[in-house]
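Take a look at the structure set out below.
In this note's numbering, the protein residues as written are 7 to 190.
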């Protein structure tokens, strides 16, 4: 089925819708986490909708592949969500999955007193200490796309994404169903 022919979708509008959905998952989670950490009294009115007024929050996304087209919808969604609730975001991290670069970006966000941090936790151990430090300073932290170790307690407040291990199992099973038996 071709979406462009049957549903009136084109690639640009589809990417915008997916981007808005991705940010809709991340920004509200950060806002909720921010409110859970410190919920000052706020008068009504502010933002692009019927949202309470708030300080000019700046959220930081620490990504492991900052220039990868896979995350373009996430960036557009974050921009749209920030326009809606009148906050700002920064997209930073590493272009090549360098954990050191990501940790530097994460620590810079903590030093700048970000309102919240979303981080792709690609190393099962390296991010635990910095995340705990951010939380101790009242900065909410959620992970997205990658959540570090497969099991065990994690310092972050929430994970936005899928189980990559289970997803890989499901994809492998689908390949088994689709590929005929024989030499590979």
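Glycine included, C-beta positions come from ideal geometry on N, C-alpha and C.
Cβ neighbour criterion (16 or more within 10 Å) applied to residue i
i, result
"residue 151", "buried"
"residue 4", "Limits of the chain in this structure are 7 at one end and 190 at the other, which puts residue 4 out of reach."
"residue 101", "exposed"
"residue 73", "exposed"
"residue 68", "buried"
"residue 146", "buried"
"residue 191", "What the structure shows of the chain is the stretch from 7 to 190, and residue 191 is not part of that stretch, so it cannot be assessed."
"residue 133", "buried"
Enclosing alpha helix (DSSP H) for residue i [first to last residue]
i, result
"residue 110", "105 to 117"
"residue 121", "Here residue 121 belongs to no alpha helix (DSSP H), and DSSP marks it neither H nor E."
"residue 86", "78 to 91"
"residue 140", "134 to 142"
Nearest candidate by alpha-carbon position, reference residue i, set the options
i, options, result
"residue 62", "93, 80 and 84", "93"
"residue 110", "98, 86, 124 and 172", "98"
"residue 140", "57, 131, 184 and 163", "163"
Residue range of the unbroken beta strand (DSSP E) whose run includes residue i
i, result
"residue 187", "Here residue 187 belongs to no beta strand (DSSP E), and DSSP marks it neither H nor E."
"residue 94", "94 to 99"
"residue 64", "64 to 69"
"residue 151", "147 to 153"
Validate contact between the stretch 105 to 115 and the stretch 75 to 94 using beta carbons, cut 8 Å, 3 pairs:
no
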